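Accompanying notes for the structure given below.
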């Protein structure tokens with residue numbers, strides 16, 4: 241019997257699991273990275289493809305490109321990099337790893353918020369005298385020495401100091417696994433939590449006491465965005481939403497870049513419509529200096545914290561991704577499913 245061929249296209253994100261326990265013989269072809277032009281030649285004989293963020297568009301998924309393809313395993317929670325409709329048309333199953341990164345992303349979201357609220361990056365540079373804040377040369381004083389205190393770096397535009405956690409109101413936009421974990425963490429820290437209904441949908445009440453979308457934006461000092469990127473969530477936070485938010489509000493985005501309009505976010509920061517923002521995700525990734533949030537030196541004049549889509553990265557996340565990817569492949573080979581471990585398309 242011919243071994244089932246597995247092709248892993250980007251193993252540099254996460255080491256592959258050990259496939260020796262699978263119920264059938266498989267052959268593995270693994271690549272650390274794959275450029276778009278490499279994909280067709282590498283998947284031509286594949287029955288199973290493993291990716292993380294690599295885009296698999298309709299053209300790549302055509303029958304004449306990968307005639308044997310039956311399963312795509314995404315070693316991540318999101319599947320917006322896969323043309324799902326093309327997979328449905330060919331009856332190609334797509335299985336992801338939901339929940340593998342929940343704790344890590346929630347913890348990173350809280351870290352981003354605290355770094356933004358306390359302006360840690362700005363204080364770091366001011367203390368070191370970087371970003372042009374100190375004169376060069378022997379004997380030059382640091383900004384701290386020269387001024388006696390750097391407290392002005394931590395005050396807002398009106399000269400007010402930050403509030404404590406007990407006075408923070410956290411609005412959660414997107415109440416899936418990550419949103420619920422953030423809610424639990426913030427509640428444990430004494431913060432008030434408001435859970436938002438979806439945009440343009442009425443509040444449902446119920447066990448999680450959801451509030452109207454606009455109400456949450458108007459009343460939150462922290463807005464945590466945890467939505468999947470879909471046609472209905474694209475630009476969920478843009479100019480009109482920033483106008484609703486409080487001037488002391490911090491926006492944190494750990495969902496996908498397209499959920500927040502980046503140009504409108506930068507405008508809101510420049511105009512002081514909100515206190516600050518922190519994001520782990522960008523509209524195009526890897527993000528370059530053409531991105532609105534990274535272009536020029538605008539980020540140095542506003543309270544903006546950025547990280548390169550690594551909120552997911554912890555050792556427990558990697559272990560879960562390996563376990564769930566292996567379970568997804570085993571279940572497919574046996575003709576079954578693994579319940580909450582996978583999303584079947």
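Residue numbers (the working numbering): 241 to 585. All residues carry an ideal CB built from backbone N, CA and C; glycine is no exception. Values in this document were obtained by computation on a predicted structure and should not be read as measured data.
Legend entry - Pairwise C-alpha distance: residue 572 and residue 585: Caution is warranted here: a pLDDT of 47 is assigned to residue 585, below 50, making its placement in the model unreliable, and the coordinate value is therefore given only provisionally. Going by the C-alpha atoms only, they are around 12 angstroms apart.
Inset, instruction - May I ask you to report which of helix, strand or coil DSSP gives residue 491? - result: strand
Inset, instruction - Using a threshold of 8 angstroms, state whether the C-beta atoms of residue 509 and residue 457 are closer than that. - result: Contact flag unset, no.
Legend entry - Any 3 or more C-beta pairs closer than 8 angstroms across the segment 523-536 and the segment 556-575: No, the segment 523-536 is not in contact with the segment 556-575.
Legend entry - Residue(s) in a DSSP beta bridge with residue 412: DSSP, once it has assigned bridges, lists 435, 464 as partnering residue 412.
Inset, instruction - Might you give, ordered along the chain, the residues of its own chain that have their beta carbon closer than 8 angstroms to the beta carbon of residue 501, omitting 5 neighbours on each side? - result: 475, 477, 478, 479
Inset, instruction - List the whole-angstrom C-beta distance separating residue 366 from residue 395, where the pair is believed to meet the contact cut-off of C-beta under 8 angstroms. - result: Between residue 395 and residue 366 the Cβ distance is about 13 angstroms, and since that is not below 8 angstroms, they are no contact.
Legend entry - Pick from 283, 525, 293, 266 that is closest to residue 251, judged by C-alpha positions: 293
Legend entry - Rounded distance between the beta-carbons of residue 460 and residue 418, thought under 8 angstroms: Not confirmed; about 17 angstroms, so no contact.
Inset, instruction - Give a yes or no on contact between the segment 283-297 and the segment 310-329, applying the rule of three or more CB pairs nearer than 8 angstroms. - result: yes
Inset, instruction - For the beta strand (DSSP E) containing residue 269, list its first residue and its last residue. - result: 266-270
Legend entry - Residue from 320, 425, 295, 326 with nearest C-alpha to residue 354: Nearest of 320, 425, 295, 326 to residue 354, Cα basis: 425.
Inset, instruction - State whether the segment 483-494 contacts the segment 340-354, with contact taken as three or more CB pairs (one from each stretch) at a distance under 8 angstroms. - result: yes
Legend entry - Close-in-space but distant-in-sequence residues of the same chain around residue 405 (CB under 7 angstroms, 5 per side omitted): 429, 430, 431
Inset, instruction - Could you tell me whether the Cβ atoms of residue 285 and residue 301 are closer together than 8 angstroms? - result: no
Inset, instruction - For the alpha helix (DSSP H) containing residue 566, list its first residue and its last residue. - result: 555-573
Legend entry - Span of the beta strand (DSSP E), counted from its first residue to its last, around residue 498: No beta strand (DSSP E) contains residue 498, which DSSP labels as neither H nor E.
Inset, instruction - To the nearest angstrom, report how far apart residue 524 and residue 533 are at their CA atoms. - result: 11 angstroms
Inset, instruction - Might you give, ordered along the chain, the residues of its own chain that have their beta carbon closer than 8 angstroms to the beta carbon of residue 244, omitting 5 neighbours on each side? - result: Contacts found: 264, 265, 266, 267, 287, 288, 573.
Legend entry - Span of the alpha helix (DSSP H) around residue 618: In the structure as shown, the chain starts at 241 and stops at 585, and residue 618 therefore has no counterpart that could be examined.
Inset, instruction - Starting from the C-beta of residue 416, find all residues in its chain whose C-beta is less than 7 angstroms away, skip the five residues before and the five after it, and write them out in chain order. - result: 466
Legend entry - C-alpha gap between residue 436 and residue 442, whole angstroms: For residue 436 and residue 442, the gap between their C-alpha atoms comes out near 10 angstroms.
Inset, instruction - Compare the C-alpha of residue 357 against each of 463, 308, 535, 331 and name the closest. - result: 463
Inset, instruction - Quick one: grab the DSSP three-state call for residue 310. - result: coil
Inset, instruction - Tell me whether residue 485 is buried or exposed, calling it buried when 16 or more other Cβ atoms sit within 10 Å of its Cβ. - result: buried
Inset, instruction - Can you say whether residue 370 is buried or exposed, counting buried as having 16 or more other CB atoms within 10 angstroms of its CB? - result: exposed
Legend entry - Cut-off 7 angstroms between Cβ atoms - residues of its own chain near residue 570, not counting five sequence neighbours on either side: 262, 263
Legend entry - Nearest residue (CA-CA) to residue 320, options 497, 503, 400: 497
Inset, instruction - Check each candidate in 423, 242, 387, 341 and name the one with the smallest Cα separation from residue 551. - result: 341
Inset, instruction - Note down the Cα distance separating residue 255 from residue 337, rounded to an integer number of angstroms. - result: 15 angstroms
Legend entry - C-beta atoms of residue 519 and residue 499 nearer than 8 angstroms: Not in contact: residue 519 and residue 499 (Cβ atoms no closer than 8 angstroms).
Inset, instruction - Identify whether residue 329 lies in helix, strand or coil by the three-state DSSP scheme. - result: helix
Inset, instruction - Return helix, strand or coil for residue 251, following the three-state DSSP convention. - result: coil
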